[in-house]
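Participant: I'd like to ask some things about the structure below.
Protein chains: 4
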Amino acid sequence: MNSLIVKQVNTFKKHHENRGRILINCPDQPGIVAAVSDFLYSQGANIIESNQYSTNPSGGTFFIRVEFECPNLKEKERSISKDFTEVANKFSMKWKLACVSEIKKIAIFVSKELHCLQELLWEWQSGDLITDISLVISNHEAARVTVEALNIPFYYIPASKENRLHAESEQLKILAENNIDLIVLARYMQILTPSFVKTYENQIINIHHSFLPAFIGAKPYEQAYKRGVKLIGATSHYVTNDLDEGPIIEQDIMRVDHRDKIENLKKIGASIERSVLATAIKWHLEDRIIVHGNKTIVFS
Amino acid sequence: MNSLIVKQVNTFKKHHENRGRILINCPDQPGIVAAVSDFLYSQGANIIESNQYSTNPSGGTFFIRVEFECPNLKEKERSISKDFTEVANKFSMKWKLACVSEIKKIAIFVSKELHCLQELLWEWQSGDLITDISLVISNHEAARVTVEALNIPFYYIPASKENRLHAESEQLKILAENNIDLIVLARYMQILTPSFVKTYENQIINIHHSFLPAFIGAKPYEQAYKRGVKLIGATSHYVTNDLDEGPIIEQDIMRVDHRDKIENLKKIGASIERSVLATAIKWHLEDRIIVHGNKTIVFS
Amino acid sequence: MNSLIVKQVNTFKKHHENRGRILINCPDQPGIVAAVSDFLYSQGANIIESNQYSTNPSGGTFFIRVEFECPNLKEKERSISKDFTEVANKFSMKWKLACVSEIKKIAIFVSKELHCLQELLWEWQSGDLITDISLVISNHEAARVTVEALNIPFYYIPASKENRLHAESEQLKILAENNIDLIVLARYMQILTPSFVKTYENQIINIHHSFLPAFIGAKPYEQAYKRGVKLIGATSHYVTNDLDEGPIIEQDIMRVDHRDKIENLKKIGASIERSVLATAIKWHLEDRIIVHGNKTIVFS
Amino acid sequence: MNSLIVKQVNTFKKHHENRGRILINCPDQPGIVAAVSDFLYSQGANIIESNQYSTNPSGGTFFIRVEFECPNLKEKERSISKDFTEVANKFSMKWKLACVSEIKKIAIFVSKELHCLQELLWEWQSGDLITDISLVISNHEAARVTVEALNIPFYYIPASKENRLHAESEQLKILAENNIDLIVLARYMQILTPSFVKTYENQIINIHHSFLPAFIGAKPYEQAYKRGVKLIGATSHYVTNDLDEGPIIEQDIMRVDHRDKIENLKKIGASIERSVLATAIKWHLEDRIIVHGNKTIVFS
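Residue numbers (the numbering used here), protein chains in the order written: chain A, 1 to 300; chain Z, 1 to 300; chain F, 1 to 300; chain X, 1 to 300.
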């Protein structure tokens, strides 16, 4: 990272050294909020933000995200986790504790279209995206100059239908070595194998150049142009093995009209893709998304 | 029509008694705008608004809509039409001349869900929709009270897959007798036959309860809920023989999230349907739409 | 109320007979959420929705709104209130308990422009606004027919600068007799006295025909037209003694351009006023607004 | 300019070598459109886009913008201008002919906040802003590194209330030497003298960090925070001698709520400022804006 970004990140970490987040889902029943807030109080924590949702208060699934300040969080993290197990077991919770000052590590995958990558780098440089962009992997050389100018390691790994497994094994090695927390497919035009996807379940975010489920598949802007649509959209989602069918995180649209040729639709689409992908990544980094079946709960 | 609406319409007609519109499409070539504006000038008309579009300035299709003030328009309408034929022939134009003071006659088709009908009636009463709602046709009795309270004739014509041809012959008779200019399918849940559609080509506007082409077909809100979309949309379009595939006029969306159950998606959807349908109708009434192939040029 | 609305309201009440809401503000400190959720759990209540906000986690003001299901809520309401006092005192809480099935009573004040009144009546009839519109008070006769057609009592009370005190005493009498919970100024063009405002503190919602604080005062649309603005807005706010300066609840805007004459700006403005006022009222009815100084916390 | 941008600009120029625009305003009367389109036809030009507006068809001011393709435009430019004078005189027109391939030269003025400058540089690099950013002038050194990295000349000219005249004389010299067409105040925090403004009448675009006319003057975000607004806006306008009172070009807003501290309002505001300023500049570069009194006609 360059020195300005390092400074921004360090300031952020210092401001959030005692800030934690707990994300929980479990069968709904009375007493969950009381149990969680009692526990946090017993640890000396002050709740800063709390969001919850239940698919059905009588017997559905309950989701809660609590953000809190806890003195000496880093030293107490292990004991908190250990102590919380008792509460968690009582309510059959799946849960996750995160220290906000542990900055997440991102790997960006990109092919030849660089607008989404560029947006992420800009937001990162301007301090709007607090993360560690640890590396960029591409099956093309197009992004190298831009990436290396920011002192981010760039890995050129040729990838195609033919050498998929080989390419993925290289990628997985690099990802593991760098302890990557989140993979961002910023217009990466290769399909990932089920095995790769499984390794990073709910940790791969893709941007789809359409308002799903419309125009799935190839050449969406050509399809949209032919159909004469009045809106163009984009969708960010977690990657699953069903192509373009993973849990949707965010969608947005912009207005177009009869004057917009395919080239223009692509330009407008690119602009939506940029913002929709950046939003999804921010929510993920702030632990605001819980995947439930093929949907997301977003506590934005 | 009740007296308040009659008064609004009469005021409108008086203000627009010399207001005309000409809509043209023809192969693009230099000199079209000059020829049309020369012609209007020779008739003593002043151009108020002019919109044009060309699919391709070198050899595409050219579209123009001109709105103008012309003293004594009503008396001169025939001679203008006759005189314009010469210009039109020279450029191989398809064209249409409209006197704004000739209020268009609308027939609304509706089934059991009344929100779109209700919206149109409200806008009509409040003077936001200047038209003659001549009659309402329904395959249910649900709308009768609302419609007749406004002194609009209501025709109950049972319609189903089985009696389609019979029902349509009744409908067509009523439409013809009332010189209907535009049919609005305001959540009318019956399919129209090709023969019916052909009789009113580009004169039937439908509202589709989805952001086409996503969720074509039955139960779109159930589909949208299952897919976990973050946006809900609606589409208004001219009716062709391809179900839900006619030229799109207008689309819009609203944001939803994980908390929205199917019931709520329907409510939100209904709200978008209302505004998207009303917008499409207004554009049609103001002669702002030209159908070109399976697309629309909208001079809004 | 007419029978359809009565039916809707009764269905709503039945579905929410055990639904309660508690709104709290107090000095922030650790343990508040734990105390409140423990209390609700001890009463057998299940938390359905919970929103909180702190102006400053170290020593600011803390706000929380909890919606819950509690078996036999109506019978237990008093004992719950009594029992909660202990918790409340411990944390120096200001608080309010509401039974959702106790439908709030609204009085609408209106002058000659009826679009906001009309919107509220439409939403009420269509079941989008669950409330008891108990009466309408006006200093003009313009609204009488519309209001009485829905069997809502209409009170014509002439009001002007000169007879303000007399008019208000009449109004206050009617409001008290009808146990009014919320007064909606739906384009009511009279100023209220400090004494009146104090009687219904944070219970009077006004719609201001501008995007405050721009164009305060008379003829905002003329001002906006002259200034050549590209956006038109509206603001709903609680009424205080500073004219148009009370806590803002909601604002919205629409795009305009050079073609929009004053008449059109007014029409567009009226449309925003309608939706902005309706939104503010819904949030108030759902106890989603807490007034804090001259601002609002809205848990939407 | 760096080589990529040079290439983009050259491609643009080549595609538009025969593309011209004529902007006209004159007293409204019948025959203007006919005269203009006849003239263009006589020159062999094909009209590509045409927009018009009249403040009042019976005796107001008429505005028209015509974009056309004319073979050998560059060679014929002078003779076209000469020949058009006759038409112009007949209708008392003020008019301007522009060759699209003559790329406009921009000077950006900036102080310490760089987000607007940064946005313009990004859009310029990505080919979304086709212009010649000839130089940057600043009263601070903050922007130097960023600007010079793109090979754009950077001029540090200290400016304050005290040395205003001296600083402006330096600035004017540089602007004149570089044949600057448009000055962009991208958060330049110095007031310009009437004499400076007059030299570049309707050629200076400013971004105001507020939704004018709300929060004119210092610390708008502090004011907005204190007032508890629910929307934050920004305004781009031409600079006149009335501070922040020049003709508005574009405005936009974003939604905020009680959780947004002043810092966050500023961040959100900065994001709107960026897009609103960029939009205004694009419209200016495409000759889409006509200033009329203290307002703009924007043919977007």
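The C-beta atom is built at its ideal place from N, Cα and C for all residues, glycine as well. These numbers come from a predicted model, not from an experiment.
Is the distance from the Cβ of T199 of chain Z to the Cβ of S236 of chain Z below 9 Å?
Facilitator: Against a cut-off of 9 Å, the Cβ pair of S236 of chain Z and T199 of chain Z comes out as no contact.
Participant: For W95 of chain F, which beta-bridge partners are listed by DSSP?
Facilitator: W95 of chain F is bridged to F:I24.
Participant: Should I24 of chain X and F68 of chain X be called a contact, given that it needs their Cβ atoms to be closer than 9 Å?
Facilitator: No, the pair does not count as a contact, with Cβ atoms beyond the cut-off.
Participant: List the residues of chain Z whose Cβ lies closer than 9 Å to the Cβ of W122 of chain F, in chain order.
Facilitator: Residues of chain Z passing the Cβ test: Q118, W122.
Participant: Relative to chain A, which residues along the region 40–55 of chain F have a C-beta separation below 9 Å, given in chain order?
Facilitator: Going along the region 40–55 of chain F in chain order, one finds L40, Y41, S42, G44, A45, N46, I47, I48, E49, S50, N51, Q52, Y53, S54 with a Cβ nearer than 9 Å to chain A.
Participant: Whole angstroms are fine: how far does the CA of D244 of chain F sit from the CA of E170 of chain F?
Facilitator: Roughly 24 Å separates the two Cα atoms.
Participant: List the residues of chain F that D38 of chain A touches, going by C-beta distances under 7 Å, in chain order.
Facilitator: The answer, in chain order, is A34, D38.
Participant: Taking the alpha-carbon positions, what's the S138 of chain F to L192 of chain F distance?
Facilitator: If you take the alpha carbons of S138 of chain F and L192 of chain F, they lie about 13 Å apart.
Participant: Which of the three DSSP states, helix, strand or coil, is assigned to V33 of chain X?
Facilitator: Of the three classes helix, strand and coil, the one that applies to V33 of chain X here is helix, per DSSP.
Participant: Can you pull the chain A residues whose beta carbon is under 9 Å from the beta carbon of N294 of chain Z, in chain order?
Facilitator: Per Cβ cutoff of 9 Å: K226, R227, G228.
Participant: Closest Cβ-Cβ distance between I268 of chain Z and chain A: below 9 Å?
Facilitator: No, I268 of chain Z lies away from the interface with chain A (no Cβ there is under 9 Å from its Cβ).
Participant: Nearest-angstrom Cα distance between N179 of chain Z and A218 of chain F?
Facilitator: Each residue's Cα considered, the two are about 47 Å apart.
Participant: Taking P57 of chain F as the reference, which of A:S58, A:G60, A:E49 has the closest Cα?
Facilitator: Answer by Cα proximity: A:E49.
Participant: What in chain Z is Cβ-close to V66 of chain A, meaning under 7 Å?
Facilitator: Correct list: empty, because the minimum Cβ distance to chain Z is about 18 Å.
Participant: Check whether the Cβ atoms of G233 of chain X and K295 of chain F lie closer than 9 Å to each other.
Facilitator: It is not a contact, given that the beta carbons lie outside the stated cut-off.
Participant: For R259 of chain Z, which residues in chain A fall below 7 Å Cβ to Cβ?
Facilitator: Within chain A, the residues near R259 of chain Z are Y53.
Participant: With S271 of chain F as the anchor, note down where its alpha helix (DSSP H) starts and where it stops.
Facilitator: That run of the alpha helix (DSSP H) goes 262–285.
Participant: Does the CB of E17 of chain A have a neighbour CB from chain F at under 9 Å?
Facilitator: So, not an interface residue.
Participant: Across the region 279–290 of chain X and the region 267–284 of chain F, are there enough close Cβ pairs to call them in contact, namely three or more that are closer than 8 Å?
Facilitator: No: fewer than three Cβ pairs fall under 8 Å.
Participant: Excluding sequence positions up to five away, which residues of its chain have a Cβ less than 6 Å from the Cβ of V147 of chain F?
Facilitator: Excluding residues within five positions, the ones whose Cβ falls inside 6 Å are V136, F154.
Participant: Which residues, in order along the region 171–188 of chain X, keep a beta-carbon less than 8 Å from a beta-carbon of chain F?
Facilitator: Listed in sequence order: no entries.
Participant: Here's the rule I'm using: 16 or more other beta-carbon atoms within 10 Å means buried, otherwise exposed. How should G246 of chain A be labelled?
Facilitator: So G246 of chain A counts as buried.
Participant: If the criterion is Cβ atoms closer than 9 Å, does the pair I204 of chain F and L182 of chain F meet it?
Facilitator: Taking 9 Å as the Cβ cut-off, I204 of chain F and L182 of chain F qualify as a contacting pair.
Participant: Write down every uninterrupted run of the beta strand (DSSP E) in the region 170–256 of chain X whose length is 3 residues or greater and which is fully enclosed by it, in chain order.
Facilitator: Correct list: 182–185, 204–208, 231–238, 248–255.
Participant: For A45 of chain A, which residues of its own chain have a beta-carbon under 6 Å away from its beta-carbon, when the five flanking residues on both sides are left out?
Facilitator: Same-chain partners within the cutoff: F68, C70.
Participant: Among the candidates A:G60, A:I64, A:H140, A:G59, whose CA atom is the shortest distance from the CA of I47 of chain A?
Facilitator: For the residues A:G60, A:I64, A:H140, A:G59, the minimum Cα distance to I47 of chain A belongs to A:I64.
Participant: Give me, in chain order, the residues of the same chain whose beta-carbon lies closer than 8 Å to that of K261 of chain Z; leave out the 5 immediate sequence neighbours on both sides.
Facilitator: Answer for K261 of chain Z: Y225, listed in chain order.
Participant: Confirm, please, whether the CB-CB distance from R187 of chain X to E263 of chain X is below 9 Å.
Facilitator: Their beta carbons are not under 9 Å apart, which means E263 of chain X does not touch R187 of chain X by this criterion.
Participant: Tell me whether V145 of chain X is buried or exposed, calling it buried when 16 or more other Cβ atoms sit within 10 Å of its Cβ.
Facilitator: Its Cβ having fewer than 16 others within 10 Å, V145 of chain X is exposed.
Participant: What separation, rounded to the nearest whole angstrom, lies between the Cα atoms of D132 of chain F and C116 of chain Z?
Facilitator: Approximately 25 Å between the Cα atoms of the pair.
Participant: Between the region 239–254 of chain A and chain Z, which residues of the former have CB atoms less than 9 Å from a CB of the latter, in chain order?
Facilitator: So the close ones are E245, P247, I248, I249, E250, Q251, D252, I253.
Participant: Could you tell me which residues DSSP puts in a beta bridge with A107 of chain X?
Facilitator: Its beta-bridge partners are X:L135, X:I183.
Participant: With respect to the alpha helix (DSSP H) encompassing H292 of chain F, which residues constitute its N-terminal and C-terminal limits?
Facilitator: First-last for H292 of chain F: 289–292, but that is the beta strand (DSSP E), not the alpha helix (DSSP H).
Participant: Taking Y53 of chain Z and I297 of chain Z to be in contact with their CB atoms under 8 Å, please state how far apart those CB atoms are, rounded to whole angstroms.
Facilitator: Going by Cβ atoms, the distance from Y53 of chain Z to I297 of chain Z rounds to 6 Å, so yes, they are a contact pair.
Participant: Does any CB atom of chain D fall closer than 9 Å to the CB of L277 of chain X?
Facilitator: Included in the structure are the protein chains A, Z, F and X, with no chain D among them.
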